[in-house]
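Student: Residue 979 is where the sequence shown ends in our numbering, and the numbering goes up by one at each step.
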Amino acid sequence: FVDEWSLSFLGGAHVQFDMGELQKASENYELYIKYNPDSDEGFTGRGNVLTAQGDLEKAAKAFETALRLNPKSGMAYVGRGQMQIKQQDWDAAIESLTAAIQIFPDHYPAYVTRAEAYDGKGDSLHAEEDRKRANEILDAQSDLTNKALTSRVRSAVAE
Numbered sequence: 821f822v823d824e825w826s827l828s829f830l831g832g833a834h835v836q837f838d839m840g841e842l843q844k845a846s847e848n849y850e851l852y853i854k855y856n857p858d859s860d861e862g863f864t865g866r867g868n869v870l871t872a873q874g875d876l877e878k879a880a881k882a883f884e885t886a887l888r889l890n891p892k893s894g895m896a897y898v899g900r901g902q903m904q905i906k907q908q909d910w911d912a913a914i915e916s917l918t919a920a921i922q923i924f925p926d927h928y929p930a931y932v933t934r935a936e937a938y939d940g941k942g943d944s945l946h947a948e949e950d951r952k953r954a955n956e957i958l959d960a961q962s963d964l965t966n967k968a969l970t971s972r973v974r975s976a977v978a979e
C-alpha cells in the first residue's frame, strides 16, 4: 500500500529530476524509499539520479535493488541500460534495453537508447533499425493523439 502522502515524494522527485534539480530529486527519492522500501520505483529513480551525477557504482546497486524487487520493471532496465552506456559497456546496455523492450514493446525511448548502445559498439545497422522503430512508434502515437483530438473537436461541434 502506497499512500498519497508518500506518492507526493515520488511525483516531486520525478519532476525535479526532469528539471535537472538532482539534489532535490535525490532527497525526495530517499524519502519515498524510507516509507516504501519494497517499491522498485524509488530505487529506479535513485539509480537515475546517481547515473546523472556520475556515481555509477551506487547507481548499479540501486538498479539491482529495483530489479530484485520487480524483475519486470521496464523503467529499471532502461535506467540500467543508460548507466551501462555511460560505462561504455555496450553489450550489457543492449541486454538491459532489450529486456525493457520485451516488457514494453512500444516504449520508444528504449529503442533510442539501445540505438545509442549499438552505435557505441559500432553496429550502425542495428542502431538504424532501432531508430526506425522508435520513429514508427512515435508516428503511431501521434496518429492516435490526432484521432482523439479530432474526435473531441467533432463531438464539441456537434453539441
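We treat Cβ as the ideally placed atom computed from N, Cα and C, and that holds for glycine.
1. Taking contact to mean 3 or more Cβ pairs, one atom from each stretch, closer than 8 Å, check whether the segment 936 to 949 and the segment 902 to 910 are in contact.
2. Nearest to Gln904 by alpha carbon, out of Gln922, Ser893, Arg888, Gly874?
3. Return the chain-ordered list of same chain residues with a C-beta closer than 6 Å to the C-beta of Met895, the five sequence neighbours on each side being excluded.
4. Between the C-alpha atoms of Leu964 and Tyr931, what's the straight-line distance to the nearest angstrom?
5. Excluding five sequence neighbours on each side, which residues of the same chain lie with their C-beta closer than 7 Å to the C-beta of Glu861?
6. Answer with buried or exposed for Ala920, where buried requires no fewer than 16 other C-beta atoms within 10 angstroms of its C-beta.
7. Kindly list the residues whose CB is nearer than 7 Å to the CB of Leu851, restricted to its own chain and excluding five residues on each side of it in sequence; keep chain order.
8. Just the C-alpha distance for Ile914 and Ala879, rounded to the nearest angstrom, thanks.
Tutor: Looking at the atomic coordinates:
1. At 8 Å Cβ cutoff, the stretches touch.
2. What you label residue 904 is simply residue 84 of the sequence shown in a count that begins at 1. Looking at the Cα atoms, Gly874 is the closest of the given residues.
3. As a working mapping, residue 895 is identified with position 75 in the sequence shown. Excluding positions up to five away in sequence, the list reads Thr864.
4. Stepping through the sequence shown from its first residue, residue 964 is reached at position 144. Stepping through the sequence shown from its first residue, residue 931 is reached at position 111. Put simply, the backbone Cα of Leu964 is about 20 Å away from that of Tyr931.
5. For the purposes of this step, residue 861 is taken as residue 41 along the sequence shown, with counting starting at 1. Correct list, in chain order: Leu830.
6. Looking up residue 920 in the sequence shown gives position 100. Buried.
7. For the purposes of this step, residue 851 is taken as the residue at position 31 of the sequence shown. Only Phe829 meet the Cβ criterion.
8. If you number the sequence shown from 1, residue 914 lands on position 94. If you number the sequence shown from 1, residue 879 lands on position 59. The alpha-carbon of Ile914 is positioned some 17 Å away from that of Ala879.
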